[in-house]
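Position 23 of the sequence shown, counting from 1, maps to 24 under the numbering used here, and the rest follow consecutively.
We put the CB at the ideal spot given by N, CA and C, even for glycine.
Fair warning: this is a prediction, and the values are worked out from it, not measured in the lab.
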Amino acid sequence: MDPLCAAVSLEKRKRTHTLPLPLSPCLPAISMRRGALIVLEGLDRCGKTTQCGLLLERLRAVSTAEPQLLKFPDRETSTGKLIHGYLAEGQQVHDRAVHLLFSANRWEKSDMIREALLAGSCIVCDRYAYSGIAFSAAKGIPLEWCRQCDVGLPEPDLVLFLDMPPGASEKRASYGEERYERTDFQERVKDVFQELQQQEKERGCPWTIINADQSIEEVQRDINLAVDACLESCNQGKPVASLWSDESTPAP
Ligand code: DGP
């Protein structure tokens, strides 16, 4: 059995998926053939950011290459500052122009993502192109127009959709401060996510749906099970593909 499979099955046997565990000290961390691109998606305040942090810690424990966490939008870049002004400071930007800004914000990181994956680092993304489509199409922009801007980005190896009823996050602290935090809008976003989920299933790239309406530990356990299977397939030489396109980057 290859070392990754050994490590993963050891974890499964221990059945202690509730904490960000280091592996047994007698097992060395794994040198991955290539890293995995793992995306967490969901409605606002569904717990993505907490789970991304926990997943990063766990990946740190099982891999020799340092995993990385990316959050989209990245509000620190020049496009990200414009996006922040739109989301949090009430600045007006045309709906299609802001869609392009969000997409550009992802493209800025695309070369870095590909290089890191090929160097063996896993990448955890807090939102990706699917949010780009869902939030813009919920405003009435045609879904296919929204998709085109992100065609060719590195394709995720795993999409985890943290599923939660649209009204459930309303009670969370400071909900409502940003532009999209309204239950009626979140309901429309959820409808588009469901449409996208169906489309991805039909093209053979099904998402893993995680019930986010559970304790942090239960959500983390479900995520870890899906991530284990994904790491195994990346380590067996699955190439880095391009999203919604035929191009792929050869495996190392
Ligand atoms: P977050 O920092 O994850 O809370 O995201 C900020 C807000 O921006 C949130 O309401 C979701 C929304 N959002 C994230 N990505 C995109 C995108 O690509 N396009 C649009 N229109 N909205 C997005």
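- Residues Ser104, Arg107, Ala130, Gly133 and Leu244 of the same chain have their beta carbon placed closer than 7 Å to that of Asp151, with the five preceding and five following residues left out of the count.
- For Arg115, the CB contacts under 8 Å within the same chain, skipping 5 residues up- and downstream, are Pro155, Val241 and Thr250 in chain order.
- Residue range Leu159 to Asp164 is occupied by the beta strand (DSSP E) that includes Val160, with no alpha helix (DSSP H) assigned at that position.
- When DSSP states are grouped into helix, strand and coil, Glu42 belongs to the strand group.
- In this structure, Tyr87 has its CB at a distance of at least 6 Å from all heavy atoms of ligand 1.
- Per DSSP, reduced to three states, the secondary structure at Leu154 is coil, with no helix or strand assignment.
- Taking non-hydrogen atoms of ligand 1 into account, the C-beta of Asp45 is found less than 6 Å away from one of them.
- Thr78: not part of any alpha helix (DSSP H); DSSP gives it neither H nor E.
- Contact annotation, Ile210 with Phe162: C-beta distance approximately 5 Å; criterion of less than 8 Å satisfied.
- DSSP places Ser132 in the helix class (H, G or I) of the three-state scheme.
- Taking C-beta atoms as the reference points, Val220 and Ala230 fail to come closer than 7 Å.
- The segment 118-130 makes contact with the segment 53-66: 3 or more CB pairs, one atom from each, lie closer than 8 Å.
- With a threshold of 6 Å, the Cβ atom of Tyr181 counts as near ligand 1, since some heavy atom of the ligand is closer than that.
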